[in-house]
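Asks: Once you've had a glance at the structure underneath, I'll fire off some questions.
Residue numbers (the numbering used here): 39 to 211.
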């Protein structure tokens, strides 16, 4: 098995089927399945002996058991430097916590030594996060109590935040 070869798999979770893609050692994509037509063509992770899928399944099992996994599977992500910067900041959002797009924009501006960064640019990078859940884009909210959107659907975002025991009464849903 060559490490530049990509494989697909699916994971059953309490919140729906997830589809993953990766090399033997690095995860490249993880999304909730939006179309069940193709599920029959994607092998279960057990049938696809790929190391990263075992690590991803372990992470998902810990997360959905109500605990915060103490490791992160390795990634091989494609994105702009700005997107990678945003995704790396998302990894620092603690389990059960939220942060706004504006707060991320301020943090990036401060690190770059500039006065202002666009919250919309941050939102665009968050929206194309290739590894949802593990890179916790569901923990990013809008300003002024707005829950904001989620590429996987607002219903999934609400379920994930409730799963992490986030107090949703502070948000407009």
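Quick reminder that beta carbons are idealized off the backbone N, C-alpha and C, glycines included.
1) Does the count of Cβ pairs from the segment 186 to 200 and the segment 142 to 153 closer than 8 angstroms reach three?
2) Out of 71, 61, 144, 107, state which residue places its alpha-carbon closest to the alpha-carbon of residue 159.
3) Straight-line CA distance for residue 202 to residue 180?
4) Should residue 204 and residue 137 be called a contact, given that it needs their Cβ atoms to be closer than 8 angstroms?
5) So, with DSSP's three-state summary, where would you put residue 207?
6) How is residue 54 classed by DSSP in three states: helix, strand or coil?
7) Indicate whether residue 115 and residue 94 have their beta-carbon atoms separated by less than 8 angstroms.
8) Just the Cα atoms here: how many angstroms apart are residue 124 and residue 87?
9) If you measure between the beta carbons of residue 165 and residue 185, is that distance less than 8 angstroms?
10) Cβ of residue 186 less than 8 angstroms from any chain D Cβ?
11) Opposite residue 60 in the DSSP bridges: which residues?
12) Helix, strand or coil for residue 91? Go by DSSP, reduced to three states.
13) Name the two residues that bound the continuous alpha helix (DSSP H) containing residue 164.
14) For residue 157, which residues in the same chain have their Cβ closer than 7 angstroms to its Cβ, ignoring the five residues on either side in sequence?
15) Counting along the chain, where does the alpha helix (DSSP H) carrying residue 121 start and finish?
16) Run the CB neighbour count on residue 213, radius 10 Å, all protein chains shown included, and call it buried at 16 or more, exposed below.
17) Could you tell me the alpha carbon to alpha carbon distance between residue 43 and residue 162, rounded to whole angstroms?
Replies: Let me lay it out:
1) no
2) 144
3) 18 angstroms
4) no
5) helix
6) strand
7) no
8) 31 angstroms
9) no
10) This model lacks chain D altogether; it includes just one protein chain.
11) 45, 65
12) helix
13) 157 to 165
14) 139, 140, 143
15) 119 to 128
16) Residue 213 falls outside the range modelled here, since the chain spans only 39 to 211, and no answer is possible.
17) 29 angstroms
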